[in-house]
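Since the structure comes first, as structure tokens, the remarks are kept for the end.
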Amino acid sequence: MNKIKMLNPIVELDGDEMTRILWQKIKDVLILPYVDLKSEYYDLGLPERERTKDQVTIDAANAIKKYGVGVKCATITPNAQRVEEYKLSQMWKSPNGTVRSILDGTVFRAPILVDGIKPLVSNWNKPITIARHAYGDVYAGVEAYVPEGGKVYISLPNGEQKLIKDLPSAGIIQAMHNTDKSISSFARSCFNYAVSTKQDLWFSSKDTISKIYDHRFKDIFQEIYQNEYKDKFEALGIEYFYTLIDDAVARVMRSSGGYIWACKNYDGDVMSDMLATSFGSLAMMTSVLVSPEGNYEFEAAHGTVTRHYYKHLKGEETSTNSVATIFAWTGALAKRGQLDGLDDLVEFAHKLEKATLDTIESGTMTKDLVGLFHKDGVEAKGVNSFAFLEAIAQRL
Ligand SMILES: NC(=O)c1ccc[n+]([C@@H]2O[C@H](COP(=O)([O-])OP(=O)(O)OC[C@H]3O[C@@H](n4cnc5c(N)ncnc54)[C@H](O)[C@@H]3O)[C@@H](O)[C@H]2O)c1
């Protein structure tokens, strides 16, 4: 069989534990037999991050900037226990944080929908993608407890002193910030992603109450939309609109899905967990980092599934869900194909996604999904990690 040819590489970021085992198997069984894969490989497994003093993570992020498309396996973010376990010289930073700060991107998370696994909100029959601004606000806040009460001010660089409150007795205060640059990057990433996926974009905040802070977000989004994206949106027949966060929540609950919901940092933190819960499983959530320049890094939203890895090392059978990792690969292959004008690569990516969903919908799935699956006439059968991949391969 002739394998599909590629023109430019995908940047491949390998990872840790059970997801690293699945990573290799997904390539061997589902990709390499069909695609003459061009990838530039970076090993972000913790031992290699330690050996290179984390330079490998920085190199990988710069390679994504160069080639435009990356795919990442889940990685360990070290804590004290991991420093001990892997004999690390330092508690290396989260690779996702490092990549995000180099690409200056926004993370979009979307559920993978399967016929037979119903969201708790029954009218959500298309995915809802959350775009969370991952900079500033309350996450970089400065707080104080003022036991004695009294006048508390913010002092501005122009010498102005703004009274926050003359506290009559003990109380708490908080100051937070954001920057025009970060908000603009967030806005451009959201508009680019909406154009790339041909979906409407909603943005919500509380500008009626926060007349300067949240209003600045609203104005920046509107200005960038008007000057840079309005024509593209109109040509695609998609829509951008701004609404208050409380109105957005009401509309989201009544909607059938199929759009991107851009949220400020705290709103995105809370709302993405609500969506993931309603759509069923963390193992069925994709995640893509999009930079304002239009670079893409695809990954699964879950971690390295440590508990399964230790079972695997003991020679025990595991049933680890590989769907989100497969969809990270298909996302990257389709994007590469789209950028390079390779229709056969795009088609292959869609075929692999369909084969994965068809496998589950016909009753073969990993054990985490068995209890969630209800479809008339189909009995759910839980299989092991590798049998699931082999079952998908039979449909390709
Ligand atoms: N994006 C990333 O690279 C990323 C994200 C989260 C956590 N992590 C890392 O992963 C490691 C484990 O963290 P954790 O346990 O908090 O998160 P995890 O996502 O690996 O596991 C959380 C829970 O969900 C289950 N689960 C997750 N994915 C599954 C799958 N594909 N199939 C079946 N069950 C699945 C696990 O068994 C566990 O009970 C940590 O070292 C953490 O730093 C990495």
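Residue numbering for the sequence shown follows this note's numbering, beginning at 122 and increasing consecutively.
In this text, a Cβ means the ideal position worked out from N, Cα and C, and glycines have one as well.
None of these values were measured; they are calculated from a predicted model.
Taking all protein chains shown into account, decide if residue i is buried (16 or more other Cβ within 10 angstroms of its Cβ) or exposed.
i, result
"T398", "exposed"
"P413", "buried"
"Y314", "buried"
"A449", "buried"
"I513", "buried"
"D357", "Checking the sequence, you will find Leu at residue 357 rather than Asp. Looking at its Cβ environment, which holds fewer than 16 other Cβ atoms inside 10 Å, L357 is exposed."
"A265", "exposed"
"Q320", "buried"
"N416", "buried"
"L277", "exposed"
"A470", "buried"
"G378", "buried"
"I333", "exposed"
"D335", "buried"
"E281", "exposed"
Hey, could you find the ends of the alpha helix (DSSP H) residue i is sitting in?
i, result
"V177", "176-188"
"W450", "444-461"
"V491", "488-491"
"G271", "Not the alpha helix (DSSP H): G271 falls in the beta strand (DSSP E), residues 271-276."
"G424", "Unbroken run through G424: none, as it is neither H nor E."
"K146", "138-147"
"K126", "First-last for K126: undefined, no H or E at that position."
"P154", "No alpha helix (DSSP H) holds P154; DSSP gives it neither H nor E."
Leaving aside the five residues before and after residue i along the sequence, list all residues of the same chain whose C-beta is less than 8 Å from its C-beta, in chain order.
i, result
"K339", "F324, S326, D328, Y363"
"K535", "Here the chain has residues from 122 to 517 only, and residue 535 is not among them."
"T479", "Here residue 479 turns out to be Asp, not Thr, going by the sequence shown. R516."
"Q343", "Y363"
Is the beta carbon of residue i sitting closer than 9 Å to the one on residue j?
i, j, result
"G262", "P289", "no"
"W186", "V156", "Looking at the sequence shown, residue 186 is not Trp but Lys. For K186 and V156, no; Cβs fall outside 9 Å."
"I359", "V316", "yes"
"T407", "S443", "no"
"A195", "V220", "no"
"M405", "A453", "no"
"E438", "N505", "yes"
"E133", "I197", "no"
"I366", "I341", "no"
"V391", "I249", "no"
"A501", "F494", "yes"
"G191", "T425", "no"
"I147", "I447", "yes"
"L490", "I238", "yes"
Going along the chain, which residues of its own chain have a beta-carbon closer than 6 Å to the beta-carbon of residue i, five neighbours each way excluded?
i, result
"M127", "K159"
"A252", "T227, F229, C311, I381, A383"
"W213", "R170, D175, P199"
"E474", "T451"
"L517", "A476"
"V259", "M297, Y387"
"Y350", "F312"
"Y207", "L167"
Using C-beta distances below 7 Å, list every residue in its chain close to residue i, excluding the 5 sequence neighbours before and after it, in chain order.
i, result
"S393", "R230, I251, R253"
"A296", "G262, V263, I275"
"L403", "A397, A422, H423"
"F307", "T227, H254"
"D225", "S306, S412, P413"
Which first and last residues belong to the beta strand (DSSP E) in which residue i is found?
i, result
"K70", "In this structure the chain extends from 122 to 517, so residue 70 is not present and cannot be described."
"F354", "Segment 351-357 is the alpha helix (DSSP H) holding F354; no beta strand (DSSP E) there."
"D164", "160-164"
"I304", "Unbroken run through I304 is the alpha helix (DSSP H), 301-318; no beta strand (DSSP E)."
"A265", "263-267"
Inset, instruction - Tell me, please, whether the stretch 417-436 touches the stretch 137-156 by the rule of three or more beta-carbon pairs shorter than 8 Å. - result: yes
Legend entry - Cβ contact check for the stretch 451-464 and the stretch 214-222: 3 or more pairs under 8 Å: no
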